[in-house]
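Peer 1: Please find one structure pasted underneath; my questions will follow.
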Amino acid sequence: MAVGLTPPSSSPMDQERRHRPSRKPVRFNEAYESLVQAARDLRIRAQLTGCQRRRVLEAVAVLHEAQAGSKKQEYRVFLHHVHRRAGPHCVLLCACQLGQHKVTTMRKADRTELIDRLERERAAESISCPVLHRLATQHGIPEFLDGCAILKSDAQTSGSSFADFGTTIQSTGTASYVNYGDPRLTLLEGYDYPYIESVVEVLGEALGASVRRIPLGAVRRHVESADKTCGIWSSPSGEEALLDSAWGLDTSGSGSSSSTRSSSLHEDDVQLFHQTHQHRAAATIAFPEIGNSAVECLISLDLQDWSVETLARNLFGIETLVFPGRVNGLGRAESSSKSARTVAALGGCGARLTTWAPEVTLTGVKRAALLDVLGPELDRAMQTSFIRRVESLAGRDETDCVSMSLTENGAFLNLALSREGIRIWRRLTSRPRGTASEQGLARE
324 MAVGLTPPSS SPMDQERRHR PSRKPVRFNE AYESLVQAAR DLRIRAQLTG
374 CQRRRVLEAV AVLHEAQAGS KKQEYRVFLH HVHRRAGPHC VLLCACQLGQ
424 HKVTTMRKAD RTELIDRLER ERAAESISCP VLHRLATQHG IPEFLDGCAI
474 LKSDAQTSGS SFADFGTTIQ STGTASYVNY GDPRLTLLEG YDYPYIESVV
524 EVLGEALGAS VRRIPLGAVR RHVESADKTC GIWSSPSGEE ALLDSAWGLD
574 TSGSGSSSST RSSSLHEDDV QLFHQTHQHR AAATIAFPEI GNSAVECLIS
624 LDLQDWSVET LARNLFGIET LVFPGRVNGL GRAESSSKSA RTVAALGGCG
674 ARLTTWAPEV TLTGVKRAAL LDVLGPELDR AMQTSFIRRV ESLAGRDETD
724 CVSMSLTENG AFLNLALSRE GIRIWRRLTS RPRGTASEQG LARE
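According to our numbering, the sequence shown holds residues 324 to 767 in order.
Right, dumping it as structure tokens:
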């Protein structure tokens, strides 16, 4: 006779064990697939559930505040890496789908592989869409961390947007960010300024002629004698004339001549450009890794004052631009810090912006202007950048990868590129043929 066995009743301890989170670590491929599924669900639902909102709120608090526990510290490091390398929308996905427990129980190698995969796929449709970006902003995930935003100001700004013309003009009151386009910031770091001939070859004659030139001897002598704690302001009095020449090199004229080709500049200026063999181009490169995951590579060109109006018209469609030039001893003596910059947009509506702000930033360039002024090589490096891919997904024809900053220290053209910018920079700084005379000048 068979005796039937009755299953034992589950104890409260067994029930509690079933509700505990699994201690089995999640592999990186499983974690990534779950993030893709979460992105698909959020794209359809367009809002967070109550549990997801709590997890995102916790993640935002962890991002902003130092944590005491080891697990929270580990979670904070992970979120910062994801934010820096993949963007706020990926932080949203990790917080919603993984949370602190799954992240901290993953093996370190799996976490690293997951971050690498998110960085590679951050602009892919599977994990990036306008809905996710909106939700990340709506629930308080910051776009920038640690106050390291590029082309932003911590102060309250007042701006005028000419959205109908694809151009944004921002007047910044007190700029508290680092201007990567200011060559004074990198002057003491070495002699790695681009060669004039290389700039002409890569950027073309028109754009190459608009970049300021730094006398090679002035750079060499100043680096040897300047006080590194004070920058260029600590130069000895005997070198004042030399520094004036280095930082305020005048050209044959302050205006530009119109031509049938929109990006062409004054022929005399181009000829003067070719006659200068002992100079380097005032251009810098930066990799803003911290606090700004959107910008991968930033090349800034310090512009000649006379070229600003032409470039503003060709790139941003600005009909009239009154730029007083450099002040504070860095350029034209007649310029004043109280001079107004007047900007008028095209389109026949008569819109005009007049400002006395110390900085004006122009953004919003159409693809045709990119190809015409910057050329196909720079255009390709921009089209593959993270910023441009996000703009394309949003259906934007204009791009913010190109911006022009008008400051009291001059005008700077900032180019936000993909990592392809590294190869372009190497071409700019590689020694062109026929520069042996420049080597001899540097040794004198």
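Every residue, glycine too, gets a C-beta built ideally from N, C-alpha and C.
Work out the CA separation of Val383 and Gly463 for me, nearest whole Å.
Peer 2: Their Cα atoms are separated by approximately 7 Å.
Peer 1: Could you give the DSSP three-state label for Thr607: helix, strand or coil?
Peer 2: Correct three-state label for Thr607: strand.
Peer 1: For the 8 Å Cβ check, are there 3 or more pairs between the segment 344-361 and the segment 430-442?
Peer 2: Counting Cβ pairs under 8 Å, three or more are found: they touch.
Peer 1: Would you mind stating whether Asp628 and Ala606 have Cβ atoms separated by less than 8 Å?
Peer 2: No, Cβ-Cβ distance for Asp628 and Ala606 is not below 8 Å.
Peer 1: Excluding the five sequence neighbours on either side, which residues of its own chain have a C-beta within less than 7 Å of the C-beta of Arg799, listed in chain order?
Peer 2: Any property of residue 799 remains undetermined from this structure, which presents the chain solely from 324 to 767.
Peer 1: Tell whether a beta-carbon distance below 8 Å holds between Ala459 and Leu415.
Peer 2: In this structure, Leu415 lies closer than 8 Å to Ala459 by Cβ.
Peer 1: Do Ser449 and Leu716 have their beta-carbon atoms positioned less than 8 Å apart in this structure?
Peer 2: No. Outside cutoff.
Peer 1: How is His462 classed by DSSP in three states: helix, strand or coil?
Peer 2: His462 falls in the coil class under three-state DSSP.
Peer 1: Could you give the DSSP three-state label for Met705: helix, strand or coil?
Peer 2: Helix.
Peer 1: Does DSSP classify Asp433 as helix, strand or coil?
Peer 2: In this structure, Asp433 counts as helix in the three-state DSSP scheme.
Peer 1: What did DSSP end up calling Arg754 once you bin it into helix, strand or coil?
Peer 2: Three-state result, Arg754: coil.
Peer 1: Please state the DSSP three-state secondary structure of Glu742.
Peer 2: With the sequence shown as reference, residue 742 is identified as Arg, and Glu is not the correct amino acid for it. The answer is coil: DSSP assigns Arg742 none of H, G, I, E or B.
Peer 1: Tell me which residue opens and which closes the beta strand (DSSP E) that Ile537 is part of.
Peer 2: Its beta strand (DSSP E) spans residues Arg536 to Pro538.
Peer 1: Put Ser726 into one of helix, strand or coil per three-state DSSP.
Peer 2: If DSSP states are grouped into helix, strand and coil, Ser726 belongs with the strands.
Peer 1: According to the Cβ coordinates, are Asp723 and Ile710 closer than 8 Å?
Peer 2: Yes, Cβ-Cβ distance for Asp723 and Ile710 is below 8 Å.
Peer 1: How many angstroms separate the CA atom of Gly718 from the CA atom of Arg712?
Peer 2: Cα to Cα, Gly718 sits roughly 10 Å from Arg712.
Peer 1: What separation, rounded to the nearest whole angstrom, lies between the Cα atoms of Ala409 and Glu442?
Peer 2: Roughly 5 Å separates the two Cα atoms.
Peer 1: My guess is that Asn637 and Ala692 are in contact by the Cβ rule of under 8 Å, so how many angstroms apart are they, rounded?
Peer 2: Confirmed, about 6 Å.
Peer 1: What number of angstroms, rounded off, separates the C-alpha of Glu743 from the C-alpha of Glu714?
Peer 2: Spanning the two alpha carbons is a distance of roughly 18 Å.
Peer 1: Confirm the yes/no value for this check: CB of His404, any heavy atom of the ligand FMN, distance under 7 Å.
Peer 2: This structure lacks the ligand FMN; in fact it carries no ligand of any kind.
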